[in-house]
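Undergrad: Here it is, the structure in full.
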Amino acid sequence: MNSSPTLAANSDNWIIVDTVRIPDAMDVLREKASIKRSLRLFAGSDLEHLIEQSPLLINLGQTPDIRQYLSLPGFSSSSVVFELSQECDEKKSLTHWQTLLLANIESHPCLLRFYTPAFWQPIKNELNDADLKTLLGPSTSVIWMNENGQLEQVIQREKQEALPKTPYILTSEIFKSWV
Numbered sequence: 001m002n003s004s005p006t007l008a009a010n011s012d013n014w015i016i017v018d019t020v021r022i023p024d025a026m027d028v029l030r031e032k033a034s035i036k037r038s039l040r041l042f043a044g045s046d047l048e049h050l051i052e053q054s055p056l057l058i059n060l061g062q063t064p065d066i067r068q069y070l071s072l073p074g075f076s077s078s079s080v081v082f083e084l085s086q087e088c089d090e091k092k093s094l095t096h097w098q099t100l101l102l103a104n105i106e107s108h109p110c111l112l113r114f115y116t117p118a119f120w121q122p123i124k125n126e127l128n129d130a131d132l133k134t135l136l137g138p139s140t141s142v143i144w145m146n147e148n149g150q151l152e153q154v155i156q157r158e159k160q161e162a163l164p165k166t167p168y169i170l171t172s173e174i175f176k177s178w179v
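Be aware that the sequence shown starts at 1, since it is given in our numbering, and climbs by one per residue.
As structure tokens, then:
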């Protein structure tokens, strides 16, 4: 965990926004940024029937100051930013995030709202190496704004070429209290 996020020069920043909590997220972001690409997280997944409630994935490109987005009204509690190498395949990232939605904890499938700070804040210092790799997948880091308005970051030091084996299984001690 790093309280002063560092961003690689050759990375794209993907913000994932909970559109149930911020229905006009795309309009708000369009006013602030040039959007390279946007996708619905549930599109093409087993949750596609819930597409109207789907979180929104937006590629902000090489954005040096992500604070301006995470500090928008509502975004500090309803979005996170994943940093991905520009060489990372978009389909691979989408597949990873869709698989992560329904990870297993103690042999139980669990819906993970990994696109909110409320997910990351309590686990940031409690993850074992395997779970860090599983949660971040092809991403180099995840960044969010805490309740005090500070940016926080969890970094993956080793680049992962392949996605974790499915189904994703989380084994860190902190997750055992969730089921």
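C-beta atoms are modelled at their ideal positions from N, C-alpha and C, and glycine is treated no differently.
Could you tell me which uninterrupted beta strand (DSSP E) segments, each at least 3 residues in length, are contained entirely in the region 16-60, listed from first to last along the chain?
TA: Listed in chain order, the complete beta strand (DSSP E) runs (minimum 3 residues) inside the region 16-60 are 37-40, 56-59.
Undergrad: Check this for me: beta carbons of Ser-11 and Glu-90, under 7 angstroms apart or not?
TA: Not a contact, by the Cβ cut-off of 7 angstroms.
Undergrad: Count the other C-beta atoms from every protein chain shown that fall within 10 angstroms of the C-beta of Val-179, then say buried if there are 16 or more, exposed otherwise.
TA: The residue is exposed, with fewer than 16 neighbouring Cβ atoms inside 10 Å.
Undergrad: Which runs of the alpha helix (DSSP H) fall wholly inside the region 78-116 and span at least 4 residues, in chain order?
TA: Counting only runs of 4 or more, we get 90-100.
Undergrad: Rounded to the nearest angstrom, what separates His-96 and Asp-65 at their Cα positions?
TA: Rounded to whole angstroms, His-96 to Asp-65 spans 25 angstroms at the Cα level.
Undergrad: What span of residues does the alpha helix (DSSP H) with Ile-174 cover, start to end?
TA: It spans 173-176 - the alpha helix (DSSP H) in which Ile-174 sits, taken as one unbroken run.
Undergrad: Given a cut-off of 7 angstroms on the beta-carbon distance, is the pair Pro-73 and Asp-18 in contact?
TA: No, these two residues do not count as a Cβ contact at 7 angstroms.
Undergrad: Residues bridged to Glu-152 by DSSP?
TA: Trp-144, per the DSSP bridge assignment.
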